[in-house]
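K.L.:
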Amino acid sequence: MTRHRSAEQPRRAVIARRPALAVSAVVLAGLQASTGLAAAQNGGQPAGPGLDWQLCSTAAAGWPLANDTRSECAELTVPMDYAKPGGRKITIAVSRVRAAEPRTSAAPVVSILGGPGFYNITNPATMTRRGLATLNTDRDFIGLDLRGSGYSDHIACTEKPTAEPAPTAPEKSIKKADFDQQAEFNKRCAAVDPEFVRQITPENAARDIDRLRAALGTEKISFYGSSFGTAVGLAYRSLFDRRTERMWLDSVMPPKRHWPTMDGESEVIAKPVAAAFVTWLARRDGDYRWGADEATVHRRLGALRGELERKPRTTGGARLAGDWVIDQVMRPEEEWDAAAKNLAAVRDGGHPATSRAATTAAVRPFGLGNPRSPFNNLQYNAMLCNTASASRSFGELWGAREARRKADPLTGGTQFSPWCAKWPLTAPPAEPTHGTSALQLSGHLYEGVTPYAWAEQARDAHGATLLTVLDDGHASLPDTPDCAEKAVTFFRTGGKAEGTCGGRNP
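Under the working numbering, the residue at position 40 of the sequence shown is numbered 94, and the numbers go up by one with no gaps.
1) Quick check: the stretch 466-473 against the stretch 275-294, are there 3 or more CB pairs under 8 Å?
2) Are there three or more Cβ pairs, one per stretch, closer than 8 Å when the stretch 168-182 is compared with the stretch 117-127?
3) Taking three-plus beta-carbon pairs below 8 Å as touching, is the stretch 291-311 in contact with the stretch 493-502?
4) Using 8 Å as the Cβ pair cut-off and three pairs as the minimum, do the stretch 235-246 and the stretch 390-401 touch?
5) Once you ignore the five residues that flank Ala375 on each side, which residues in its own chain have a CB closer than 7 Å to its CB?
6) Hey, would you say Leu293 sits closer than 8 Å to Pro486, going by beta carbons?
7) Which one of Ile146, Gly502 and His488 has the shortest CA to CA distance from Gly517?
8) Put Cys211 into one of helix, strand or coil per three-state DSSP.
9) In the DSSP output, which residue or residues are listed as bridge partners for Tyr278?
10) What does DSSP give as the partner residue(s) for Cys474 in the beta ladder?
11) Skipping 5 residues on each side, what residues in its chain have a beta carbon closer than 6 Å to that of Arg513?
12) Whole angstroms are fine: how far does the CA of Thr188 sit from the CA of Arg152?
13) May I ask you to report which of helix, strand or coil DSSP gives Phe544?
14) Measure how close the beta-carbons of Ala475 and Arg455 come, nearest whole angstrom, since I'm counting them as under 8 Å.
15) Within 10 angstroms of the Cβ of Pro425, are there 16 or more other Cβ atoms? Answer buried if so, exposed if not.
16) Would you mind sorting Glu257 into buried or exposed? The rule is 16 or more other CB atoms within 10 Å of its CB.
17) State the DSSP-derived secondary structure class of Leu438, mapped to helix, strand or coil.
18) Whole angstroms is fine: what's the gap from Ala324's alpha carbon to Met134's?
19) Going by alpha carbons, who is nearest to Ile254 out of Thr441, Asp526, Ala268 and Thr123?
20) Can the beta-carbon of Ile144 be found closer than 8 Å to that of Arg201?
21) Restricting to runs no shorter than 4 residues, where is the alpha helix (DSSP H) found entirely within the stretch 220-260?
22) Quick test of the definition: if touching needs 3 or more C-beta pairs under 8 Å, does the stretch 325-339 touch the stretch 548-558?
23) Taking the alpha-carbon of Ala237 as reference, which of Gly548, Trp477, Thr547 and Pro483 has the nearest alpha-carbon?
24) Who are the near neighbours of Ala541 in its chain, counting only those whose CB is closer than 7 Å to its CB and skipping five residues on each side?
25) Which class does Thr519 belong to by DSSP, given the choice of helix, strand or coil?
26) Is Arg373 closer than 8 Å to Pro215 when the C-beta atoms are compared?
27) Does any C-beta atom of chain B lie closer than 8 Å to the C-beta of Pro406?
28) Tell me the rounded alpha-carbon separation between Leu358 and Ala330.
29) Using the rule of at least 16 other Cβ atoms within 10 Å of the residue's Cβ for burial, across every protein chain shown, is Asp207 buried or exposed?
30) Exposed or buried, what is Gly403 when buried is set at 16 or more other beta-carbons lying within 10 Å of its beta-carbon?
31) Looking at the unbroken beta strand (DSSP E) that takes in Ser149, where does it start and where does it end?
32) Quick check on Glu126: does DSSP put it in helix, strand or coil?
33) What residue range does the beta strand (DSSP E) around His498 cover?
34) Would you mind working out which of Arg157, Ala484, Val251 and Val148 sits nearest Tyr434, comparing C-alpha positions?
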């Protein structure tokens, strides 16, 4: 995985300071403190108590969708802390694309397509261009920026650049530097407003959605979520089962979030890929001299990885460390010959003919839902760390990583997620429940961002039905026609989808 060192991207439009929060929030044009967005001069039409709608393209500074004539925006005021509903308030930016032929009885579809850290307010417009678009014929599509991100109240706090360890530093030193950088960021940025940051959880995002439901004047909502949006969806159903009509979640987060466990489950997808390469090498011992049987090849490749983790080398400006070995092993089949020659050259003390610049760090997963949006590092960490009391010490993370590497020297311990490093806050999670509302999950059998095992865990914890998508896509169900049609049928009739669907080709 590659290292994420970038600071939060600057907002395209600046903003009013909300003194009570010390947050930067984008000014939505015509903001009125008491009522949210002001009605447009040509006549905004309120659709529920406390919501005044106008076109996002004119109301939201820097609206990212060109020629968008359908998305409408408003602001919703909610408690910062739901245990103190009369206390401080925060503002949540919400959006909708109205149904073409609305039916009073049709529950609106709320969608959260990704995150954390990214904004989701453009999701309704995105949904109208994907495989579930036909639902917008008679159902409003609803979106929002989760608290702490996008146009909603948030804290703008950036990571500080730090000195990189020497290229020849051992792997443990590299990972410790990642951990220390995150620990510094977490302490400094959470201290800007700890009471606000503590309330950035999937559970409170779910409570915000229920306030939005009430403001829309609807008894129930339907929900479509993917990637991290599934964590918010599961929290909503656990807290508000009776207010949920139907819920479909694609590329599902696990019901309990513990980074060392999640890292290990994310590594599983590499095993069959590595095994295929190992088998290929074993059949060509005369060419590459890695061994004539799979066990020997596996052991020797793992030993080379371990050697380079302890004593990395450099060549042509590239760092040859344990990650470089994994990079070679995971190359596509048409590049296996080149990978085998590279590995043999380094094994024998030489230099690879082609050396991809091996990176040294971890990318934050789950944020593929909306790559256009500025990224809020603090919201990412808060959403995933407040309700996860473990995985906050380097010793725990590194010890778990080393245990996985010992169990499988070739592919174990390739993931290392330091985002909760010394996280200073805690908040209670919602316990998973087997509700009565219709809950449908879809998991992609070969994907590595949100592994299929997480969908199985969520199915068991929440009493859901699971559809298996036979591909390696992430959050891609709306783009696969036969799978998307099952989702449309589910939202229209409640018909469950079990078994498999074709998906995209890997």
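Yeah, the Cβ is synthetic: ideal placement off N, Cα and C, and Gly gets one too.
P.N.:
This is what the structure gives:
1) They do not touch, by the three-pair rule.
2) Contact holds: three or more Cβ-Cβ distances are below 8 Å.
3) A contact exists between the stretch 291-311 and the stretch 493-502.
4) No, because fewer than three Cβ pairs between the stretch 235-246 and the stretch 390-401 fall closer than 8 Å, the two stretches do not touch.
5) These residues qualify, in order along the chain: Glu225, Leu362, Glu363, Pro366 and Ala412.
6) No, they are not a contact pair.
7) Out of Ile146, Gly502 and His488, His488 has the C-alpha closest to the C-alpha of Gly517.
8) Coil at Cys211, not helix or strand.
9) The beta-bridge partner set that DSSP reports for Tyr278 consists of Ser165 and Trp302.
10) The bridge partners DSSP lists for Cys474 come to none.
11) Contacts found: Leu495 and Leu520.
12) Here the alpha carbons of Thr188 and Arg152 stand approximately 12 Å from one another.
13) It is helical.
14) The Cβ separation is near 14 Å, so there is no contact.
15) Only weak support is given to the placement of Pro425: the predicted model assigns it a pLDDT of 33, under 50, and the value that follows is read from those uncertain coordinates. That one is exposed.
16) By the Cβ neighbour-count rule, Glu257 is buried, with 16 or more other Cβ atoms within 10 Å of its own.
17) Assigned with DSSP and collapsed to three states, Leu438 falls in helix.
18) Straight-line Cα distance between these residues: approximately 41 Å.
19) The candidate whose alpha carbon is nearest that of Ile254 is Thr441.
20) Yes; because the gap between Cβ atoms is below 8 Å, this pair is in contact.
21) Taking only runs of at least 4 residues, the alpha helix (DSSP H) segments lying wholly in the stretch 220-260 are 225-244 and 248-252.
22) Segments in contact, no.
23) Here the closest residue by C-alpha is Trp477.
24) Once the five neighbours on either side are set aside, the close Cβ partners of Ala541 are Leu186, Trp302 and Leu531.
25) The answer is strand: DSSP assigns Thr519 an E or B state.
26) Cβ atoms of Pro215 and Arg373: not closer than 8 Å.
27) In the structure shown, chain B cannot be found, because there is only a single protein chain.
28) Using only the alpha carbons, I get a separation of about 18 Å.
29) Buried.
30) Exposed, by the Cβ-count rule.
31) Unbroken beta strand (DSSP E) run through Ser149: Lys143 to Val151.
32) Residue state for Glu126 is assigned as strand, using DSSP reduced to three classes.
33) Here the beta strand (DSSP E) through His498 covers Ala492 to His498.
34) Measuring from the Cα of Tyr434, the nearest candidate turns out to be Val251.
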